[in-house]
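Trainee: Just add 7 to the spot in the sequence shown (first one is 1) and you have our numbering. Cβ coordinates follow ideal geometry from the N, Cα and C atoms, glycine included. Every value quoted in this text rests on a predicted model; they were computed, and no experiment measured them. Sharing a structure, written as structure tokens. Questions coming.
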Amino acid sequence: MGGVCRPDRSRVVQRPHRVMVLVLDGARPLDVGIPAEVFHPETGFPYEVSACGVSAGTVLSHGEFSFTVPQGLEALADADTIIVPGYVPVGRPLPAEVGEALRCAASRGARIASICYGAFALADAGLLDGLRATTHWDAAEKLAERHPQITIEPNVLFVDEGSVLTSAGAAAGMDLCLHIVRRDLGVSPANEIARALVTAPYRTGGQAQYLPITSPAAQGENLAATREWAMARLDRPITVAALAAHARLAPRTFLRRFAEETGSTPMQWILRARVDTARELLENTRLPIDRIAEQVGLGTGSNLRLHFRRLLDVSPSEYRATFAGRG
């Protein structure tokens with residue numbers, strides 16, 4: 008890099024959004040593969056994805072794997088989004104030239120994201136100072152001790168701070184990448200990519216990581232069937248009692264387990280699901296706002312506008328103008 012940040016160059020011709028995966032020594036293969044799949048041009052959406060390392064050539068991976076990357080750090084100068092996968096050993100010192108390249112990219116406006124232990128690279132580069140961030144639960148304390156100026160949120164799937172994003176363990180990297188697609192193109196393209204990858208189209212960033220706990224019954228997606236049941240009935244009233252009855256749990260037990268799995272209350276989760284369903288209808292139909300509000304169970308257009316503004320900071324009309332037809 009020679010210590011000089013290359014300025015962002017204006018382009019007249021539209022080009023795909025360039026996603027660069029920065030593969031560091033000890034990279035975790037799944038972390039590398041997730042953005043490669045989500046942003047692959049074969050999805051039909053306007054992304055192109057490539058990989059780079061500290062220098063071009065072979066990068067030793069975690070386990071009995073290695074990657075051959077065609078470019079070195081100079082590739083970051085033209086990237087629109089840079090993703091740093093997790094690597095081991097966790098928290099080893101970041102090479103100075105990597106930190107410099109990441110800071111240069113951030114200074115010209117590139118979006119930078121990390122998966123799992125990749126948060127240590129962003130932290131060591133100074134990109135997370137004063138921000139919220141997350142990483143895999145087993146390294147959260149270490150990250151907090153090393154970087155006390157960062158607010159660590161150890162029990163969420165991902166954290167979006169605008170131009171800098173971090174995610175928890177490898178599977179949460181999928182949630183983060185799909186969240187980026189939703190930000191760029193809207194709900195429908197993200198759902199289409201999720202279906203192709205046979206994964207859940209939407210888990211909120213605040214959904215809890217699956218931490219080791221004493222009761223095995225509370226781990227994993229035990230209430231997934233109940234959430235699917237609710238999703239099919241968003242146009243109707245849904246109560247905690249009805250949800251608990253479907254899950255065959257006492258209401259108190261249901262509320263506790265729902266919070267453990269999603270990081271939110273059932274009503275908060277349902278409200279977000281209704282708003283996200285409204286987003287998809289705004290993207291793909293010409294239905295009036297009032298009709299969409301009825302279909303998603305929010306009653307009136309004014310109610311939809313209220314929740315839309317509170318959760319997304321835009322009106323439904325502004326959202327439609329931005330994302331209709333983008334996919």
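(1) Pull up the distance between the alpha-carbon of serine 195 and that of valine 61, whole angstroms please.
(2) Which one or two residues does DSSP pair with serine 121 in a beta bridge?
(3) Classify valine 105 as helix, strand or coil using the three-state DSSP reduction.
(4) For a test of the three-state rule: what should DSSP assign to phenylalanine 330, helix, strand or coil?
(5) Around the Cβ of aspartate 320, are there at least 16 other Cβ atoms within 10 angstroms (buried) or fewer (exposed)?
(6) Does the Cβ-Cβ distance between valine 26 and isoleucine 122 come in under 8 Å?
(7) Can you tell me whether valine 205 is buried or exposed, with buried defined as 16 or more other CB within 10 angstroms of its CB?
(8) Glycine 98 and arginine 153 look like a contact to me (Cβ under 8 Å); what is the Cβ gap, rounded to whole Å?
(9) With a 10 Å radius around its C-beta and 16 neighbouring C-beta atoms as the bar for buried, classify alanine 231 as buried or exposed.
(10) Going by C-alpha to C-alpha distance, which of Thr246, His24, Ala132, Glu290 sits closest to proline 48?
(11) Which residue marks the beginning of the beta strand (DSSP E) containing serine 68, and which one marks its end?
(12) In this structure, does DSSP put threonine 260 in helix, strand or coil?
(13) So, at 6 Å on beta carbons, what are the nonlocal neighbours of serine 174 in its own chain, with the 5 sequence-adjacent residues on each side left out?
(14) Roughly how far, in whole angstroms, is the beta-carbon of glutamine 156 from the beta-carbon of aspartate 136, given that I think they are within contact range, below 8 Å?
(15) Phenylalanine 2 bridges to which residues according to DSSP?
(16) Bridge partners of leucine 29, per DSSP?
(17) Starting from the C-beta of valine 303, find all residues in its chain whose C-beta is less than 8 Å away, skip the five residues before and the five after it, and write them out in chain order.
(18) Got a sec, what are the start and stop residues for the alpha helix (DSSP H) valine 166 sits in?
(19) Cβ of alanine 328 within 8 Å of Cβ of glutamate 290?
(20) Expressed to the nearest angstrom, what Euclidean distance is found between the alpha-carbon atoms of isoleucine 296 and serine 324?
(21) Over the uninterrupted alpha helix (DSSP H) stretch that includes alanine 146, give me the two end residues.
(22) Please work out which residues of its chain come closer than 8 Å, Cβ to Cβ, to alanine 34, disregarding the five sequence neighbours upstream and downstream, and give them in chain order.
(23) By Cβ distance, which residues of its chain are closer than 8 Å to proline 258, with the 5 residues on each side in sequence left out?
(24) Starting from the Cα of phenylalanine 46, find the closest Cα among Leu109, Ala203, Ala126, Ala151 and give me that residue.
(25) Just to confirm, is the Cβ distance from leucine 172 to alanine 120 under 8 Å?
(26) For phenylalanine 127 and chain D, any beta-carbon pair shorter than 8 Å?
(27) Which first and last residues belong to the alpha helix (DSSP H) in which aspartate 131 is found?
(28) What's the C-alpha gap between serine 271 and valine 163?
(29) Check whether the Cβ of alanine 103 lies closer than 7 Å to any heavy atom of the ligand NAD, and answer yes or no.
Mentor: Walking through what the data contain:
(1) In the sequence shown, counting from the first residue as 1, residue 195 sits at position 188. In the sequence shown, counting from the first residue as 1, residue 61 sits at position 54. So the two alpha carbons sit approximately 36 Å from each other.
(2) Taking the sequence shown and counting its residues from 1, one reaches residue 121 at position 114. BP columns for serine 121 point to Val91, Thr173.
(3) Translated into the one-based positions of the sequence shown, residue 105 becomes position 98. Three-state DSSP puts valine 105 in a helix.
(4) Along the sequence shown, read from residue 1 onward, the residue named residue 330 stands at position 323. The answer is helix: DSSP assigns phenylalanine 330 an H, G or I state.
(5) By 1-based counting over the sequence shown, the position of residue 320 is 313. So aspartate 320 ends up on the exposed side.
(6) Against the sequence shown, residue 26 aligns to sequence position 19. Against the sequence shown, residue 122 aligns to sequence position 115. For valine 26 and isoleucine 122, no; Cβs fall outside 8 Å.
(7) Taking the first residue of the sequence shown as position 1, residue 205 is located at position 198. By the neighbour-count rule (16 or more Cβ atoms within 10 Å), valine 205 is not buried but exposed.
(8) What you label residue 98 is simply residue 91 of the sequence shown in a count that begins at 1. What you label residue 153 is simply residue 146 of the sequence shown in a count that begins at 1. Their Cβ separation, rounded to whole angstroms, is 7 Å, which keeps glycine 98 and arginine 153 in contact under 8 Å.
(9) Here the question's residue 231 lines up with position 224 in the sequence shown. Its Cβ having fewer than 16 others within 10 Å, alanine 231 is exposed.
(10) As a first step, residue 48 must be located in the sequence shown, where it is residue number 41. Of the listed residues, the one whose Cα sits closest to proline 48 is His24.
(11) Taking the first residue of the sequence shown as 1, we reach residue 68 at position 61. Looking at the DSSP string, serine 68 is not in any beta strand (DSSP E), and its letter there is neither H nor E.
(12) Reading the sequence shown from its first residue, position 253 is the one you call residue 260. Helix at threonine 260.
(13) The sequence position of residue 174 within the sequence shown is 167, counting from 1. Ile122, Phe165, Gly180, Leu183.
(14) As a working mapping, residue 156 is identified with position 149 in the sequence shown. As a working mapping, residue 136 is identified with position 129 in the sequence shown. Between aspartate 136 and glutamine 156 the Cβ distance is about 5 Å, and since that is below 8 Å, they are a contact.
(15) Outside the shown range of the chain (8 to 334) lies residue 2, about which nothing can therefore be said.
(16) Taking the first residue of the sequence shown as position 1, residue 29 is located at position 22. Bridge partners of leucine 29: Cys59.
(17) As a working mapping, residue 303 is identified with position 296 in the sequence shown. Leu241, Asp242, Arg281, Val282, Thr284, Ala285, Leu288, Leu311.
(18) As a working note, residue 166 is residue 159 in the sequence shown. First-last for valine 166: 165-167, but that is the beta strand (DSSP E), not the alpha helix (DSSP H).
(19) For the purposes of this step, residue 328 is taken as residue 321 along the sequence shown, with counting starting at 1. For the purposes of this step, residue 290 is taken as residue 283 along the sequence shown, with counting starting at 1. No, Cβ-Cβ distance for alanine 328 and glutamate 290 is not below 8 Å.
(20) Taking the first residue of the sequence shown as position 1, residue 296 is located at position 289. Taking the first residue of the sequence shown as position 1, residue 324 is located at position 317. Their Cα atoms are separated by approximately 8 Å.
(21) Position 139 of the sequence shown, counted from the first residue, corresponds to residue 146. Unbroken run through alanine 146: none, as it is neither H nor E.
(22) Residue 34 sits at position 27 when you count from the first residue of the sequence shown. Excluding positions up to five away in sequence, the list reads Val66, Ser68, His69, Phe74, Pro92, Gly93, Tyr94.
(23) The sequence position of residue 258 within the sequence shown is 251, counting from 1. So the list reads Val247, Ala248, Ala251, once near-sequence residues are dropped.
(24) Within the sequence shown, the letter at position 39 stands for residue 46. Among Leu109, Ala203, Ala126, Ala151, the Cα nearest to that of phenylalanine 46 is on Ala203.
(25) Translated into positions along the sequence shown, residue 172 becomes position 165. Translated into positions along the sequence shown, residue 120 becomes position 113. Going by C-beta atoms, leucine 172 is nearer than 8 Å to alanine 120.
(26) Note that chain D does not occur in the displayed structure, where there is just one protein chain.
(27) In the sequence shown, counting from the first residue as 1, residue 131 sits at position 124. Start and end: 126-131.
(28) Indexing the sequence shown from 1 puts residue 271 at position 264. Indexing the sequence shown from 1 puts residue 163 at position 156. The alpha-carbon atoms of serine 271 and valine 163 are separated by roughly 11 Å.
(29) Looking for the ligand NAD in the displayed structure turns up nothing, as the structure carries no ligands at all.
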